[in-house]
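With my numbering applied, the sequence shown closes on residue 858, and no number is skipped along the way. Data block below; observations after.
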Amino acid sequence: MQFDVPPDLKIPADIRKLAERVEHPEDGFFGPQSVYWKVARENALMLGGAAAALLQMAHPGVAAGVAEHSSLLSDPIARFNRTFSVVYRIVFGTVDEASEAAAYARHLHTGVKGTVPETIGDMKHGQQYHANQGDLLLWVYATLVQQSVRTYETFVEPLTWSEKQQYYQESKVFGQLFGIQPDEFPETWEDFNDYFDRVVESALGMGRYGRLLRNQMFGGLPQYWVMIPLGLIMAGANLPDRTRRQFGLPWGGAMPVIYSGFVRAVQQLLPFVPDSLRYQRYYLRARTKRRSGRAA
Numbered sequence: 563m564q565f566d567v568p569p570d571l572k573i574p575a576d577i578r579k580l581a582e583r584v585e586h587p588e589d590g591f592f593g594p595q596s597v598y599w600k601v602a603r604e605n606a607l608m609l610g611g612a613a614a615a616l617l618q619m620a621h622p623g624v625a626a627g628v629a630e631h632s633s634l635l636s637d638p639i640a641r642f643n644r645t646f647s648v649v650y651r652i653v654f655g656t657v658d659e660a661s662e663a664a665a666y667a668r669h670l671h672t673g674v675k676g677t678v679p680e681t682i683g684d685m686k687h688g689q690q691y692h693a694n695q696g697d698l699l700l701w702v703y704a705t706l707v708q709q710s711v712r713t714y715e716t717f718v719e720p721l722t723w724s725e726k727q728q729y730y731q732e733s734k735v736f737g738q739l740f741g742i743q744p745d746e747f748p749e750t751w752e753d754f755n756d757y758f759d760r761v762v763e764s765a766l767g768m769g770r771y772g773r774l775l776r777n778q779m780f781g782g783l784p785q786y787w788v789m790i791p792l793g794l795i796m797a798g799a800n801l802p803d804r805t806r807r808q809f810g811l812p813w814g815g816a817m818p819v820i821y822s823g824f825v826r827a828v829q830q831l832l833p834f835v836p837d838s839l840r841y842q843r844y845y846l847r848a849r850t851k852r853r854s855g856r857a858a
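This is the structure:
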């Protein structure tokens, strides 16, 4: 969990304020009693990764920033690994580790800016974007929250209404660490879902960069996706109907049947998978450190 952190990197004041509220800094911003840990620790969440990436790239401002300032289109797996090494350090690291990772992410985003190359949804050709602007941050955050809950409930177990509410409220801390302002979040889990549906209906579309990512994922590069047909089915199953159609992804014939069979197989096998394979290594490290601390 190491980064090339600039020696002069400063922790922003709002992150320091969030850190001051934490009762047990060694447990990080969430801790073992949180629903956030319960959901985020599952490696099965990666099964929703393709849909989350396509949802992000369907937003013209996000797509332009990612395509023009990262290696997603040239080396998506390396980019995912770098991104999630930061994400999981924020989720499972101590408060100091998470604060540094969040500050590092914001630092990387400062130079991610430009103009949108085409008109899609509410964004017009030539309109300026910046990776740290609230609406773009909120949408990226929303894709992670929505796909995490959807994938967890599909492959692991259903969440109760109260668990979903708790998960969502805890997720706001994660969003704030990346720079989303408290008043920018939808208030409740129901409000969040309404916001998500509105964006899907009014702001998304497949532009040039989204098309490139789709082709990269499903256009014959098996070094990136172990089983491209399964990846295509997973993306199709987890995307909203409108977005799936916009990306021209098939969904029909035997695909729903294959997907249902795959879901049942994972559900049945998951309880027998050892922790070292089932859970994120960042979570396992945090759990081990916490147990060692208690023993000491």
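We put the beta carbon where it would ideally sit given N, CA and C, even for glycine. Note that this is a predicted model, so its numbers are computed, not measured.
Check your understanding: Out of curiosity, what's the CA-to-CA distance linking residue 796 and residue 841?
Key -> 20 angstroms
Practice item. Drop a sphere of 10 angstroms on the beta-carbon of residue 599, count the other beta-carbons inside from all chains shown, and report buried for 16 or more, exposed for fewer. Key: buried
**Study point:** Proximity below 8 angstroms, CB of residue 693 to CB of residue 757
**Key:** no
Practice item. Report yes if the C-beta distance between residue 740 and residue 657 is below 8 angstroms; otherwise report no. Key: no
Review point. What's the C-alpha gap between residue 572 and residue 578?
Key: 10 angstroms
Check your understanding: residue 708: buried (16+ other C-beta within 10 angstroms of its C-beta) or exposed?
Key -> buried
Review point. What is the DSSP secondary structure of residue 687, counted as helix, strand or coil?
Key: coil
Practice item. Can you tell me which of 646, 695 and 569 puts its alpha carbon nearest to the alpha carbon of residue 844? Key: 646
Practice item. Enumerate in chain order the residues of its own chain whose CB-to-CB distance from residue 730 is below 8 angstroms, with the five nearest sequence positions on each side excluded. Key: 707, 750, 751 and 754
Point to revise | Under the three-state DSSP convention, the category residue 630 falls into | key: helix
Point to revise | Contiguous alpha helix (DSSP H) assignments of at least 4 residues, all confined to the region 711 to 794 | key: 723 to 739, 751 to 764 and 770 to 780
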